[in-house]
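Below is one structure, written out as structure tokens, with a few remarks after it.
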Amino acid sequence: MTKTLDIDIQQEQKKAQEVIKSQGLRVRVCSGTGCIANGSMEVIEKFRELGANVSTLTAHDKMTIVPTGCHGFCEQGVLVLIPDLDVTYVKVHVEDVEEIFNSHIKDGKPVERLLYVDPKTNQHVFKSEDINFYAKQTRTALVNCGHINAECIDEAIAVRGYEALSNILKENNPDAVIQEILDSGLKGRGGAGFPTGLKWKFTAANKGGKSYVVCNGDEGDPGAFMDRSVMEGDPHKLLEGMAIAAFAIGADEGYIYVRAEYPLAIQRLRKAIADAEERHYLGKNIMNTDFSFTLHIKEGAGAFVCGEESALLASIEGERGMPRPKPPFPANKGLFGRPPLINNVETLANVPLIMLKGAKWFASMGTESAKGTKTFALTGEVNNTGLIEVPMGTTLREIVFDIGGGIRNGKKFKAVQIGGPSGGCLTEEHLDLPMDYESLSKAGAMVGSGGLVVMNEDTCIVEVARFFMNFTQNESCGKCVPCSEGTKNMLKILEKIVRGEGTMEDLDKVEDLAHAVKDGSLCGLGKTAPNPVLSTLKYFRDEYIAHIKDKKCPAGVCSAMKVITIQEDLCKGCTKCARTCPVGAIEGTVKNPHKINQDKCIKCGSCVNACPFKAIKQS
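Its first residue numbered 2, the sequence shown is counted upward by one per residue in our numbering.
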């Protein structure tokens, strides 16, 4: 590198920090996709309207409204943080803003009804860090999400953005960068858990031509939004991670593959790239060195199969997103005939902090075989849903009951589906299992991208398996027979079972098919598609048998097996049920007990809800 850096990053940080200090009272409003859907933009506009006169109405000379990325605590959105007042408000609506302004900002009296209430102590909690949901987390990839304006490059610089890249360019030692990533123990956060440093080393070994860095931001798992939140809330960290990776392997061009269903992420990434290029943190001759790195955004069509590396690369090239046979492997010949480095969003977002704080710092978190932290999207029947980040090895019990606040409505925990359609089902016996690659693999599950769907006692496990099989079957590209036809036939059998028409032979058949699909499919989608079926058969076979032998859904979910009856001793013959029934299945005369014609009944439950005497039961 013949040129020297002409950017003093520490000086840039000081300037950015001074700008933030001059903004007066900073009001952070969550502006991730979830909170925007709950009205956060209206909240922001109302705060700005009131803040225009803040100097004449309050002790504050200025008030700045900061639209941030996702805070993570989605169950409580819209979230409003005012650090200078040591307060976090939850479930804020536009009509609450004036009260916050007049009572707290103007008169110094917190609005208690908008504070989080600890369910165990029933006490109001002022600071977000004191809320159990946050207190048990360790944030690295998500450390800035919810705290900075994602669309302002100066705010990223103020929290050490592009400092790691600057240091690396000064030292000019790509091999040292790769070694640091190797020493950190960072593994791919997209699901497979392959050592990141090793992947970089293999790609860097392909000398003598152009290479690329590709970020997989496709994130197709139902309920998963970890990568989306990083792209929306801290895009510059991702860009910096990609630039560092490009320097390490000798690439000068990169692609961020993002599904088109993430318009906010795309918008913020485009702005971040433009701002970084203007400041010479990206583009030609970065920081006046010989290193250049140009980034493009490729919008995907939302095909789940494009999460698979070779299908993703085909899509970038303008072809139909379908997996390619291996070898050649993508690391040798993948994008436009050249070797690309492919990592997912979370993996790359960890890189700048590793290079700033050192491999030992990152490796100090997690377990012996799984270093660092992992983000999870916690959804389903849990009190505190949202985005979390915890050290690798954190138990499922800590996640569900400490961070998640336990099961809603006092229901009993039943299972967790982890890793989306490619993952598996974990049960009560796995609550103390450390969440790492090896432990989950032994249990028949996988970390995957990090989706966690919590289920309670009212969940039908067979229906869960059918749901995920329906998803993967719909998303199959159709290229190979084991996946396209195997998943189709597995789905037919599962549908037959939930209708109460299954046989024990069907149970054997679906298990055999699952192994055939797993062994014979071309890509990772097909190979992992049977996991939800295999894991539920392993841990909940009795539920399958109940559907087949007893023609009964233990959870009472499968409508085809519901039986609705009228208790004659409670029925007053009011006829309300008969008048409500859409198919005329209820027979009887006024003031006499009624009966249900089971041959006509469609199990819709209208009569159950209509009966004023609770005489109609559904089992």
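A virtual CB, placed ideally from N, CA and C, is assigned to each residue, including glycine.
9 Å Cβ cutoff met for residue i and residue j
i	j	result
P331	I250	no
K188	A371	yes
T197	T374	no
V448	M436	yes
L388	I419	no
G186	V215	no
G421	S450	yes
G40	V95	yes
T566	I587	no
D155	I21	yes
I166	P353	One point to set straight first is that residue 166 is Leu, not Ile, in the sequence displayed. Yes, they are a contact pair.
A517	T473	no
G585	T576	no
P111	S212	no
G191	N333	no
G425	L535	yes
R271	I245	no
I400	F363	no
G35	T69	no
Alpha carbon of residue i to alpha carbon of residue j, nearest angstrom
i	j	result
K413	C582	33 Å
T368	S442	15 Å
E181	K208	21 Å
L80	A151	16 Å
V609	D85	53 Å
K563	D276	59 Å
F248	K47	45 Å
A1	K107	There is simply no residue 1 to check, as the chain begins at 2 and stops at 620 in what is shown.
E13	H281	13 Å
S311	K128	45 Å
L239	N145	12 Å
S607	K618	11 Å
G521	E172	48 Å
K15	A159	7 Å
C461	G527	24 Å
N384	I169	44 Å
K539	G78	38 Å
Y117	C524	45 Å
I8	M243	19 Å
For residue i, three-class secondary structure by DSSP
i	result
F414	strand
G70	coil
F541	helix
A556	coil
H125	strand
K171	helix
F292	coil
C206	Note that residue 206 is Ala in the sequence shown, not Cys. Note: A206 maps to coil in three-state DSSP.
T376	strand
V20	helix
V178	helix
C307	helix
K285	coil
N532	helix
D525	Note that residue 525 is Gly in the sequence shown here, rather than Asp. Here G525 sits in helix by DSSP.
Residue i, buried or exposed, once every other Cβ within 10 Å from all chains shown has been counted against 16
i	result
L357	exposed
T428	buried
V623	The structure shown does not extend to residue 623, since the chain is modelled only from 2 through 620, so no value can be given for it.
K350	Before going further, note that residue 350 is Ala rather than Lys in the sequence given. Buried.
S56	exposed
A136	exposed
F614	exposed
G303	exposed
P264	exposed
E382	buried
G405	buried
G503	buried
E320	exposed
Interface flag, residue i vs chain D, CB-CB below 9 Å
i	result
E399	Structure shown: chain D not included; a single protein chain is present.
How about the stretch 307–316 and the stretch 214–224: do they share at least three Cβ pairs that are nearer than 8 Å?
yes
Do the stretch 541–558 and the stretch 599–609 touch if we need at least three Cβ pairs shorter than 8 Å?
no
With contact counted as at least three CB pairs below 8 Å, one residue from each stretch, are the stretch 126–134 and the stretch 85–100 in contact?
yes
Is there contact here, the stretch 568–576 with the stretch 476–495, by at least three beta-carbon pairs under 8 Å?
no
Does the pairing of the stretch 463–470 with the stretch 497–515 give three or more beta-carbon distances under 8 Å?
yes
For the stretch 260–267 against the stretch 292–311, are there 3 or more C-beta pairs whose distance is under 8 Å?
yes
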